[in-house]
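Take the sequence shown: its position 58, counted from the start at 1, is 58 in UniProt numbering, and no numbers get skipped.
Yeah, the Cβ is synthetic: ideal placement off N, Cα and C, and Gly gets one too.
Here the structure is laid out as structure tokens; the discussion comes afterwards.
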Amino acid sequence: ACSHSGMTRLYTDAVECPRCGRPCDMGYLLRCVMDRDAIIMNAKEKGFPVSFDEVGETFEDQMSLGKHGADARSDRYSVLREMTAEQLHTYTPEQLITVMQQRESVHAAITKDRSNVSGAARRKFPDDAKPWVPDSRYECQFKACLGCFRQGIDKSKTGIDAIVEGDISPGLATGFAFSQLGERPVMDARVVANLG
């Protein structure tokens, strides 16, 4: 099973669950996107196309790994941007200096530890400048049907608050869940309104 926190519903035509071999009646598999989101962001930053349709292209500039994601945390001063003006005013200058020194100490420890990493960990995360971006050959591609991995459904939900605040995951922004279909399924609103 996959212990990562990010999943999506990967919509696909007539596929069997790789875990139990049964057909996926719902038309989708649950798929880990923890590594995929970082790979998509990295590809976009390098100038590669990441969306399969115009809808995805519309949202590409709004995608992020999260307000508190690894890419944001890699910036030593991100702690200041994470706080509201009201929160900043509750700290004395000395306290802010202490917080910044702590963040600097963490970054120094990570850099030192990374220089000692070798073997499988180095192969999976080869880029010292972006240690959260895996080599795509080692990406977690865990897939399972709902029957095999029921807890994955909660991991595949996106909070509306995050979207409203512009915190849109790369997989969601680019339509990764529909990429194997080659299109986003569109339903007639009148039919959907009469369901249930």
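The Cβ atoms of Gln180 and Thr8 lie no closer than 8 angstroms to each other.
Contact annotation: Gly175 and Phe52 have beta-carbon atoms nearer than 8 angstroms.
If you look at Leu29, you'll find it isn't in any alpha helix (DSSP H); it sits in the beta strand (DSSP E) that goes 28–32.
In the three-state DSSP reduction, Tyr91 falls in the coil class, being neither helix nor strand. CA-to-CA, the gap between Asp128 and Lys112 works out to about 11 angstroms. Its Cα nearest to that of Tyr28, the residue Phe149 stands out among Phe149, Asp37, Ser105. Per DSSP, the unbroken beta strand (DSSP E) holding Thr8 starts and ends at 7–11. The alpha-carbon separation between Arg76 and Ser64 amounts to approximately 18 angstroms.
Straight-line spacing of the CA atoms in Val33 and His89 works out to 37 angstroms. Closest by C-alpha distance to Ile40, out of Cys2, Ser169, Glu94, is Ser169.
Looking at the DSSP output, Met63 sits in a beta bridge with Ile168. The Cβ atoms of Leu10 and Ala144 do not sit closer than 8 angstroms to each other. CA-to-CA, the gap between Tyr91 and Leu146 works out to about 47 angstroms.
For Arg73, the enclosing alpha helix (DSSP H) begins and ends at 70–73. The alpha-carbon of Trp132 is positioned some 13 angstroms away from that of Cys140. If you look at Arg137, you'll find it isn't in any alpha helix (DSSP H); DSSP assigns it neither H nor E.
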